[in-house]
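To keep things clear, I will list the structure first and then write my remarks on it.
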Amino acid sequence: MAEITMTQALNLAIDEAMAEDDGVFCLGEDVAAKQGGGVFKITSGLTEKYGEHRIRATPISETAIIGAAVGAALAGQRPIAEIMLMNFVGVCMDQIVNHAAKLRFMSGGQTPCPIVIRTTTGVGVGFGGQHSDMLEAWFAHVAGIHTVTPSNAADARGLMRSAIDANDPVIFIENILCYGLTSEDPGPGYRVPLGKAAVAKEGSDLSIITYGRTVLDALEVAGELEKEGISVEVIDLRTIAPYDEETVLKSVRKTGRALTLHEAVRPFGTGAEIAANIQEKCWDDLKGPVRRIGGTFSAVPFASHLEQAWIPTKAEIVEQIKASVGRV
Amino acid sequence: MSEIDRDKLLDIYTRTMKVNRTDEKFRALLMQGKVAVMYYCVRGQELVSAAAMAALEDDDYVVCTYRGQGEQTAKGIPIEKWWGECLGKATGTCKGKGGTMHITDPETGIMVTTGVVGSGLPIANGLAMASQNSGDGRVTLVSFGDGAANIGGFHEAMNMAQLYKLPVVFLCQNNRYGEHTAYADHTNSKSIASRAEGYGMRGVTVDGNDVNQIYPAVKEAVDRARAGEGPTLVEAMCYRMMGHFFGSDFSYMPKEHLAEMQAEDPLPKLRAVMLERQFSEEELDQIVADIDAEIDAAVQHALDAPLPDTDEIYKDVLEEVN
Ligand SMILES: Cc1ncc(C[n+]2csc(CCOP(=O)(O)OP(=O)(O)O)c2C)c(N)n1
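The listed protein sequences correspond, in order, to chains A and B.
So in my numbering the end of the first sequence lands on 312, straight run, no missing numbers.
So in my numbering the end of the second sequence lands on 877, straight run, no missing numbers.
Spelled out as structure tokens, the structure:
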């Protein structure tokens, strides 16, 4: 079977959904052919197929982009809105939090808001403080939104299809550093259900609960530690919120140890919520405190050695795991 | 400009009085302490909403604000459901989960009522975009205040709507106040409508107290939108004759100006137009009496209606009950 990159995977998923349903359309800055098919080329080739109404290049107006997506969704369409970089969601939080997330509830179920908000981010490309943040916790804290991030190309294809199918708003976070990752192409129609985690690697001594790019670090570390006789289970949440609590708790009950890991800063991060939930529900199975790893509590720095020092390192993951299993 | 035909005039009158009687009733209930909820009075602005809704087709979309009673009742939300929602009852449009500031009734075309100033305009664009994409021929009208014209989303939405020639009508109800701040203290533009030019859009300012100005202006905007000629910004000059919300202080509103504006009250003016056009006093009074009876029954129904089940807080969060 052919290999695809995450970029191709997302493009294929959107293309398929647009071919199947006239109500699916894309809007965002630079997304159309005239502007080169999106800064990361996710919508490349789609204008030629579906026209400029269904691949709408917008002005730099994040509030108007998300507002339009909300309105179109209320009218029964399925817009996919692109916010070029995740930090810019600050510009349109009102539309996401006060409107997209709440209109189903406030209308007593009459006006669901099926929009996908695609956005991209990631630490490690030298974009500095205003273009690198993982802000998933902002959305995880709001009822009424699915927050999703793939860690590999196959999942990206499957999760994007499910996000477009969903009858609620989905924030779909794409890590720039993952765009080039390749997977075997799962083929047309492939779907990964929202809210279902993957056990990316089985293990028996400790569970790492992570998502997005840090899944790669977790897998690498788990592979190395295997040689030292430490068996690590890696859970890739895939959907960050609402997350697959069942898979997480089952894993922790089995291993008795847990570590949450994300690129977003540690204080008040999603890892804190997951850790607290594990302590509450798996207290009798835990052999020690749940540990948390996240980015440094500062803006993402520019200089590459500082930026690298900011991200959770593999050495830190190893150290925490060893401390947890009592082998320092 | 040609005269509004008699049937349409009667239609506008009926809608106007529906808005007015609903407003009077709400204030009476609040004053008597029979209900205790937030209510944003529309006294003085009844005609603007009524004429605008009369210019739309039944299946056109509307986006409005917390001060949206006029659009909601004039567009035709079943009034028992409307009162049910305002009183937080299970029988309300939104099962009591929206409230006075968040009335939604898609069957009537009331798609969003937002409590966040200026947020409705970008959403209206989206409804209009869906109509443009699907070719369903609907027009979307969004109503907002003069204060909202200073929010970023207003400017983004104007620009985008004109760029795509969306079938949308922006209706600014310039009631001269944004909460406690008078127009001149929040805006230097000579009018809100004059800003349309900056987006290459058509903008008109009309007297919202004069049915012969407001109705034709909105109708023309609606017709243009439906014909694919793009959006219009209609600014209706009117006056908020009460405080920002019921019971709030309005000492900041100069008495002389209030008196001046009371002379412009749209209701006696509309009645005079009706009489001029040979509608009888009795006919007009009967319409009001019928509306009052209907409202009284709806209020009683809402007062007697059950509260929403507590379980409702878990429902409609996401599609699946979590
Ligand atoms: C974004 C935002 N800022 C502030 C408020 C508080 N607020 C509610 S109504 C209002 C005044 C709005 O005035 P205008 O747009 O003229 O509408 P009107 O109330 O006159 O109908 C303000 C400041 C709000 N609801 N939303």
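From the three backbone atoms N, C-alpha and C, an ideal C-beta is built for every residue, glycine too.
Predicted, not measured: the structure shown is a model, and the values here were computed from it.
query                                                                                                                                                                             : result
Can you pull out the residues from the region 78 to 91 of chain A whose beta carbon lies closer than 7 Å to at least one beta carbon of chain B?                                  : Asp78, Gln79, Asn82, His83, Leu87, Arg88, Phe89, Met90, Ser91
Any heavy atom of ligand 1 closer than 8 Å to the beta-carbon of His130(A)?                                                                                                       : no
Quick one, which residues of the region 681 to 694 of chain B are near chain A if we go by CB-CB under 9 Å, in chain order?                                                       : Gly681, Leu682, Ala683, Met684, Ala685, Ser686, Gln687, Asn688, Ser689, Asp691, Arg693
Considering only residues of the same chain and omitting the five flanking positions on each side of Trp638(B), which have a CB-CB separation below 6 Å?                          : Ala853, Val854, Ala857
Would you say Ser91(A) and His735(B) are within 9 Å of each other, going by their C-beta atoms?                                                                                   : no
Tell me, to the nearest whole angstrom, how far the beta carbon of Ser135(A) is from that of Tyr195(A); I am working on the premise that it is less than 8 Å.                     : 7 Å
Run through chain B and tell me which residues come within less than 9 Å of His37(A), C-beta to C-beta.                                                                           : Met684, Gln687, Asn688, Tyr719
By a C-beta neighbour count over all protein chains shown, 10 Å radius and 16 as the cutoff for buried, is Tyr869(B) buried or exposed?                                           : exposed
Please report how far the alpha carbon of Ala202(A) lies from the alpha carbon of Val302(A), in whole angstroms.                                                                  : 9 Å
What does DSSP give as the partner residue(s) for His130(A) in the beta ladder?                                                                                                   : Val154(A)
With burial defined as no fewer than 16 other Cβ atoms inside 10 Å of the residue's Cβ, what is the status of Lys18(A): buried or exposed?                                        : exposed
Could you check whether Tyr770(B) and Ala606(B) sit closer than 9 Å to each other, using their CB atoms as the reference points?                                                  : yes
What residue does the beta strand (DSSP E) around Ile665(B) start on, and which one ends it?                                                                                      : 665 to 669
Leaving aside the five residues before and after Ile295(A) along the sequence, list all residues of the same chain whose C-beta is less than 7 Å from its C-beta, in chain order. : Val107, Gly108, Glu247, Gly279
Can you list the residues of chain A that Asn714(B) reaches, using a CB-CB cut of under 9 Å?                                                                                      : Pro43, Ser45, Ala48
Let me check understanding here. Comparing Cα to Cα, which of Val236(A), Ser282(A), Leu209(A), Gly93(A) lies closest to Val249(A)?                                                : Ser282(A)
Can you tell me which of the three DSSP states Asn877(B) falls into?                                                                                                              : Note that Asn877(B) has pLDDT 45, beneath the 50 cutoff, so the model's placement of it is unreliable and no number is given.
With a cut-off of 8 Å, do at least 3 Cβ pairs link the region 831 to 843 of chain B to the region 776 to 793 of chain B?                                                          : no
For a contact defined as C-beta to C-beta under 9 Å, what are the partners of Val828(B) on chain A?                                                                               : Ordered by position in chain A, no residue passes the 9 Å Cβ test against Val828(B), which lies about 35 Å from the chain.
Would the region 207 to 226 of chain A count as touching the region 269 to 279 of chain A if we require 3 or more Cβ pairs under 8 Å?                                             : no
With a floor of 3 residues, list each beta strand (DSSP E) that falls wholly inside the region 133 to 200 of chain A, ordered by position along the chain.                        : 154 to 159, 166 to 168, 182 to 185, 190 to 194
Would you say Val672(B) touches ligand 1, meaning its beta carbon is less than 8 Å from a heavy atom?                                                                             : yes
Skipping 5 residues on each side, what residues in its chain have a beta carbon closer than 7 Å to that of Tyr717(B)?                                                             : Reading off the sequence shown, one finds Gln at residue 717(B), where the question assumed Tyr. Hits under 7 Å: Tyr754, Gly755, Met756, Gly785, Pro786.
Please classify Tyr807(B) as buried or exposed, where buried requires at least 16 neighbouring CB atoms within 10 angstroms.                                                      : exposed
Based on the DSSP output, what are the partners of Met792(B) in its beta bridges?                                                                                                 : Asn729(B), Asp762(B)
Between the region 643 to 659 of chain B and the region 684 to 698 of chain B, do three or more beta carbon pairs fall short of 8 Å?                                              : no
For Pro809(B), which of Asp864(B), Arg570(B), Ala737(B), Leu585(B) has the nearest alpha-carbon?                                                                                  : Ala737(B)
So, is Asn877(B) buried or exposed, given that buried needs 16 or more other C-beta atoms within 10 angstroms?                                                                    : With a pLDDT of 45 at Asn877(B), under the threshold of 50, the modelled position of that residue is not reliable, and the figure given next carries that caveat. Classification of Asn877(B): exposed, given that the 10 Å Cβ count is below 16.
Taking all protein chains shown into account, decide if His812(B) is buried (16 or more other Cβ within 10 angstroms of its Cβ) or exposed.                                       : exposed
With Thr105(A) and Ile160(A) assumed to form a contact (beta carbons below 8 Å), what rounded beta-carbon distance in angstroms separates them?                                   : 7 Å
Determine the DSSP secondary structure at Pro677(B), reduced to helix, strand or coil.                                                                                            : helix
So with CB distances below 8 Å, who are the chain B contacts of Phe9(A)?                                                                                                          : Asn688
Mind listing which residues of the region 138 to 158 of chain A have their C-beta closer than 8 Å to chain B's C-betas, in chain order?                                           : Ala150, Asn151, Asp152
Is Gln61(A) close to chain B? Criterion is C-beta to C-beta, closer than 9 Å.                                                                                                     : yes
Quick check: is the beta carbon of Arg311(A) nearer than 9 Å to any beta carbon in chain B?                                                                                       : no
Quick check: does the Cβ of Thr(-11)(A) come within less than 8 Å of any heavy atom belonging to ligand 1?                                                                        : no
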